[in-house]
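Protein chains in written order, with our numbering: chain A, 1 to 87; chain B, 1 to 271. For reference, the structure is listed below as structure tokens.
See below:
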């Protein structure tokens with residue numbers, strides 16, 4: 001903003017409140033779901049990941065890059081966490 | 001004591017005052033006559049014994065209990081002045097991987113038989129130490145300062161608690177190090193705004209004060225000094241935990257006076 005601008009400058013607190021609400025809102029919009037499967041093959045896991053991404057892209061109007069699928073294995077238990085960021 | 005209440009004091013971000021809140025809240029409840037046990041779950045970076053002035057009295061730690069070398073009651077240390085305030089200290093030479101979530105649940109189950117209130121001082125971060133600390137807790141107290149970095153981390157922790165099955169009723173918020181005059185001058189977010197953003201119940205507000213540093217230097221929780229005005233917010237928080245609805249405004253009453261009257265009051269109130 002130029003020095004001669006007649007517009008009233010937001011107070012420091014107003015800026016902080018706006019940024020705080022943005023931070024919190026963005027985080028709350030990311031929805032994570034955890035499901036556990038047992039004794040699944042690599043191909044089955046891969047097909048589940050693809051299905052989650054396709055489903056999110058088709059039904060939630062999000063880009064594929066906004067769908068993150070994380071896989072972790074503990075013995076024969078596989079945990080898939082899908083995090084979908086949408087607005 | 002089957003109706004023992006178990007709290008975890010957590011934040012995500014380090015240095016926001018978790019240990020100070022744990023020590024003073026525990027001391028307040030002990031002053032009210034309850035048997036209180038504080039657990040320092042910050043394994044490897046212990047501080048709670050220092051804030052309570054008990055660092056020279058600690059012989060056994062949480063690691064001795066987890067390894068089965070000592071019973072929990074043998075390992076706890078009594079406070080010098082408040083005999084119903086106890087500490088299960090952490091170890092500086094151990095690491096967080098030496099304790100599991102189940103270890104913490106077993107430990108708290110055992111201590112629950114002897115204490116009205118158990119307060120766990122959670123380490124900073126959201127890793128193993130955090131998960132261990134929240135595992136046995138019934139209620140979570142989130143401590144944040146009015147800074148965006150701390151609020152952002154508090155939000156992350158609230159999300160993690162929700163994922164672990166903590167309902168809205170089991171999570172509450174303490175805003176620490178508030179500078180009421182900065183809020184009045186529109187230079188700091190207010191506790192109400194933080195509460196609304198994080199969508200959790202506000203348990204209390206603790207104004208910023210040099211008295212905290214003085215009390216830590218002396219190893220005495222400041223609530224032990226009745227004349228210390230900073231003891232008021234901690235006492236109010238303890239009352240709210242007991243179910244007595246004290247207005248939040250009373251936590252910061254007298255901390256925002258400007259001008260000559262405020263200066264005189266500050267001088268008279270200072271010890």
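Glycine included, every Cβ here is placed at the ideal spot set by N, Cα and C. Being a predicted model, the structure only gives us computed values, none of them experimental.
Validate contact between the segment 149 to 163 of chain B and the segment 191 to 200 of chain B using beta carbons, cut 8 Å, 3 pairs | yes
DSSP state of residue 204/B mapped onto helix, strand, coil = Numbered from its first residue, the second chain carries residue 204/B at position 204. Here residue 204/B sits in strand by DSSP.
Inter-residue Cα distance where the pair is residue 44/B and residue 194/B = Reading the second chain from its first residue, position 44 is the one you call residue 44/B. Reading the second chain from its first residue, position 194 is the one you call residue 194/B. Taking the straight line joining both Cα atoms gives about 31 Å.
Closer than 9 Å, Cβ to any Cβ of chain A: which residues of the segment 160 to 190 of chain B, in chain order?
-> 163, 182, 183, 185, 186, 187, 188, 189, 190
Return yes when the Cβ of residue 136/B is within less than 8 Å of the Cβ of residue 110/B, no when it is not.
-> Here residue 110/B is taken as the residue at index 110 of the second chain, counted from 1. Here residue 136/B is taken as the residue at index 136 of the second chain, counted from 1. Not a contact, by the Cβ cut-off of 8 Å.
Endpoints, beta strand (DSSP E) assigned at residue 37/B = For the purposes of this step, residue 37/B is identified with residue 37 of the second chain, where counting begins at 1. Taken as a continuous stretch (DSSP letters only), the beta strand (DSSP E) holding residue 37/B covers 36 to 40.
According to DSSP, what are the bridge partners of residue 173/B?
-> Along the second chain, read from residue 1 onward, the residue named residue 173/B stands at position 173. For residue 173/B, which the question treats as bridged, DSSP gives the partners 142/B, 202/B.
List, in order along the chain, the chain B residues whose C-beta lies closer than 8 Å to that of residue 19/A?
-> Stepping through the first chain from its first residue, residue 19/A is reached at position 19. 148, listed in chain order.
Indicate whether the contact test is met: 3 or more Cβ pairs, each with one atom in the segment 168 to 184 of chain B and one in the segment 202 to 219 of chain B, closer than 8 Å.
-> yes
Sort out for me which residues DSSP pairs residue 70/A with in a bridge.
-> Here residue 70/A corresponds to residue number 70 of the first chain, with the count starting at 1. 81/A.
Answer yes or no: do residue 47/A and residue 68/A have a C-beta to C-beta separation smaller than 8 Å?
-> By 1-based counting over the first chain, the position of residue 47/A is 47. By 1-based counting over the first chain, the position of residue 68/A is 68. Not in contact: residue 47/A and residue 68/A (Cβ atoms no closer than 8 Å).
Note down the Cα distance separating residue 21/B from residue 124/B, rounded to an integer number of angstroms.
-> In the second chain, counting from the first residue as 1, residue 21/B sits at position 21. In the second chain, counting from the first residue as 1, residue 124/B sits at position 124. Straight-line Cα distance between these residues: approximately 14 Å.
Proximal residues, the segment 105 to 136 of chain B versus chain A, C-beta separation under 7 Å | none
With residue 4/B and residue 116/B assumed to form a contact (beta carbons below 8 Å), what rounded beta-carbon distance in angstroms separates them?
-> Numbered from 1 along the second chain, position 4 holds the residue referred to as residue 4/B. Numbered from 1 along the second chain, position 116 holds the residue referred to as residue 116/B. That belief holds up - the Cβ atoms of residue 4/B and residue 116/B are roughly 6 Å apart, short of 8 Å.
Whose Cβ in chain A lies nearer than 9 Å to the Cβ of residue 193/B?
-> Numbered from its first residue, the second chain carries residue 193/B at position 193. Ordered by position in chain A, the residues that pass the 9 Å Cβ test against residue 193/B are 13, 16, 17, 20, 21.
What does residue 197/B reach in chain A if we use C-beta pairs closer than 7 Å?
-> By one-based count along the second chain, residue 197/B stands at place 197. Those are 20, 21, 24, listed as they occur along chain A.
Nearest neighbour of residue 73/A, chosen from 42/A, 24/A, 85/A, 23/A [CA to CA] = For the purposes of this step, residue 73/A is taken as the residue at position 73 of the first chain. Considering only alpha carbons, the answer is 42/A.
Below 7 Å CB to CB, which residues in the same chain sit around residue 52/B once its five sequence neighbours on both sides are set aside?
-> Here the question's residue 52/B lines up with position 52 in the second chain. The residues are 23, 79, 87, 219, 221.
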